[in-house]
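Per the working numbering: the sequence shown ends with 404, consecutive numbering throughout.
Where a beta carbon is used, it is the ideal one built from N, C-alpha and C, also for glycine.
These numbers were taken from a predicted model, which means no experiment stands behind them.
One structure is given here, and the rest of the page talks about it.
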Amino acid sequence: MKKRTGVKNAVWALALVTLLLGGCGSKADRSSATAADMEMAEEAAYDADGAYLSDDIYSVDSAEVTDDVAENGAATPQVEDTSRKLIKNVNLSVETETFEELLATITEKTESFSGYIEESYTYNGSNYYGRGTRNASMTVRIPAQQLDAFLSSVSEVSNVISRNDSVSDVTLQYVDMESHKKALTAEQDRLLELLEQAESVEDIITIESRLSDVRYQIESMESQLRTLQNQVSYSTVYLDIQEVEKLTPVEEQTRGEMIREGFVDSLYGVGNGLLDFGTAVIIDLPYLVVWAAVILLVILIIRLLRKHRKNKEQKKMQEKQEKDIKETAAEAVNKTDMP
Numbered sequence: 066m067k068k069r070t071g072v073k074n075a076v077w078a079l080a081l082v083t084l085l086l087g088g089c090g091s092k093a094d095r096s097s098a099t100a101a102d103m104e105m106a107e108e109a110a111y112d113a114d115g116a117y118l119s120d121d122i123y124s125v126d127s128a129e130v131t132d133d134v135a136e137n138g139a140a141t142p143q144v145e146d147t148s149r150k151l152i153k154n155v156n157l158s159v160e161t162e163t164f165e166e167l168l169a170t171i172t173e174k175t176e177s178f179s180g181y182i183e184e185s186y187t188y189n190g191s192n193y194y195g196r197g198t199r200n201a202s203m204t205v206r207i208p209a210q211q212l213d214a215f216l217s218s219v220s221e222v223s224n225v226i227s228r229n230d231s232v233s234d235v236t237l238q239y240v241d242m243e244s245h246k247k248a249l250t251a252e253q254d255r256l257l258e259l260l261e262q263a264e265s266v267e268d269i270i271t272i273e274s275r276l277s278d279v280r281y282q283i284e285s286m287e288s289q290l291r292t293l294q295n296q297v298s299y300s301t302v303y304l305d306i307q308e309v310e311k312l313t314p315v316e317e318q319t320r321g322e323m324i325r326e327g328f329v330d331s332l333y334g335v336g337n338g339l340l341d342f343g344t345a346v347i348i349d350l351p352y353l354v355v356w357a358a359v360i361l362l363v364i365l366i367i368r369l370l371r372k373h374r375k376n377k378e379q380k381k382m383q384e385k386q387e388k389d390i391k392e393t394a395a396e397a398v399n400k401t402d403m404p
């Protein structure tokens, strides 16, 4: 009886180690490893007298092995979803003369097409020197089937300046991740079966450790699959909206139209420049008054200093002249008094 129990423990340990070593391989490898484990278990299940241990937990008939290979092996690979997984992104730059109305329209269109605005940023511009133009950036998620209809509706209510479309095919990546998830799920089921049949604490700890790793990988794989599926199901539109006073022509112009348009734009620019200058002067008038007062004060101080210095020089000159006159008069008196 002890001999029989020892052989069973050896078979248990051998199958468990083989299962753990082959847990991270591909589906084909796992299927081959499973069949090999069964064969090794059956061979090791014989006692010293050649008697087969029919009560060994690893004894599996050929039908069960065949079913396992057909389900998990590479002999009959199957993919449930053969449709292509395409991620579509669109960068769209538009301009408008009615900024607020366009934002409201885009929000309404997004909701009508069962989409949602993932991110939105609006800059109101600066009115410091007159007219302040506004712009906005929006990240819109639209169901892939409604993408073209949504873009057409945006083009109808705005002036499209540029558009860039990109498509990423993630079909192979998605299929590989699905296959990996199925393989991990199959391994999880086998580990649960082994956990129910485990007898020693050491075996239970080993199986639960591996089971925890497998469950973590399955959850991570499911999260990545959900992310991919969301990107496939909902296309992403990056909208750049600019408010302008005059829309940019999108059709090719003739030479005469270009000259006329350029001349009108130049006049328009000169007029706006004068208006901006006048607006800036009025806005900065308090600063101009302060600086004018400072400059005037400096000029007055300089003039006072100059006048003071001039008066001082004139006074010195006058004193010198008076002194010279006195000296001359004294000399004349002295000459008169001489015999």
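### Query
Between E160 and L312, is the Cβ-Cβ spacing less than 8 angstroms?
yes
### Task
Could you tell me which residues DSSP puts in a beta bridge with N229?
N156
### Query
Any chance the stretch 149-158 sits against the stretch 290-307, with 3 or more Cβ pairs inside 8 angstroms?
yes
### Task
Using 7 angstroms as the cut-off, classify the Cβ of S148 as near or not near the heavy atoms of the ligand FAD, replying yes or no.
In the structure on display, the ligand FAD does not appear, and there are no ligands present to speak of.
### Task
Could you check the C-alpha separation between T250 and E176 for me, to the nearest Å?
38 angstroms
### Query
How many whole angstroms separate the CB atoms of T204 and E173, which I take to be in contact at a CB cut-off of 8 angstroms?
Not a contact, Cβ separation roughly 17 angstroms.
#### Entry: Simplified DSSP assignment, three categories, for A201
In the structure shown, A201 sits in a strand (DSSP, three-state: E or B).
### Message
Only counting the same chain, and skipping five residues up and downstream in sequence, which positions put a Cβ closer than 6 angstroms to that of K391?
### Response
none
### Query
Going by the CB atoms, is the gap between L256 and V279 shorter than 8 angstroms?
yes
### Message
If I follow the unbroken beta strand (DSSP E) through Q307, where does it start and stop?
### Response
299-308
### Message
Going by DSSP in three states, L353 sits in which element: helix, strand or coil?
### Response
In the structure shown, L353 falls within a helical segment according to DSSP collapsed to helix, strand and coil.
### Query
Do you know how far the Cα of I171 is from the Cα of M201?
According to the sequence provided, residue 201 is Ala. The question's Met does not apply to it. The alpha-carbon separation between A201 and I171 amounts to approximately 12 angstroms.
### Query
Per DSSP, I182 forms a beta bridge with which residues?
V205
### Task
Can you grab the Cα-Cα spacing for the pair A394 / V355, in whole Å?
58 angstroms
### Query
On the premise that S288 lies in contact with A209, defined as a C-beta separation below 8 angstroms, what is that separation, rounded to the nearest angstrom?
Contact between A209 and S288 fails: their C-beta atoms lie close to 21 angstroms from each other, not under 8 angstroms.
### Message
Distance check for T292 and V232, CA to CA, integer angstroms please.
### Response
16 angstroms
### Task
Tell me N224's beta-bridge partners as DSSP assigns them.
E160
### Task
For the alpha helix (DSSP H) holding A251, just list the boundary residues, first then last.
236-262
### Query
In or out: F164 buried (at least 16 other Cβ within 10 Å) or exposed?
buried
#### Entry: For P314 and S185, the rounded distance between their alpha carbons
27 angstroms
### Task
Measure the Cβ-Cβ separation of S158 and D305 and say whether it is below 8 angstroms.
The Cβ-Cβ distance between S158 and D305 falls below 8 angstroms.
### Residue closest to E284, alpha-carbon to alpha-carbon, out of L339, I348, H245
H245
#### Entry: Length of the line joining the Cα atoms of E264 and I207
55 angstroms
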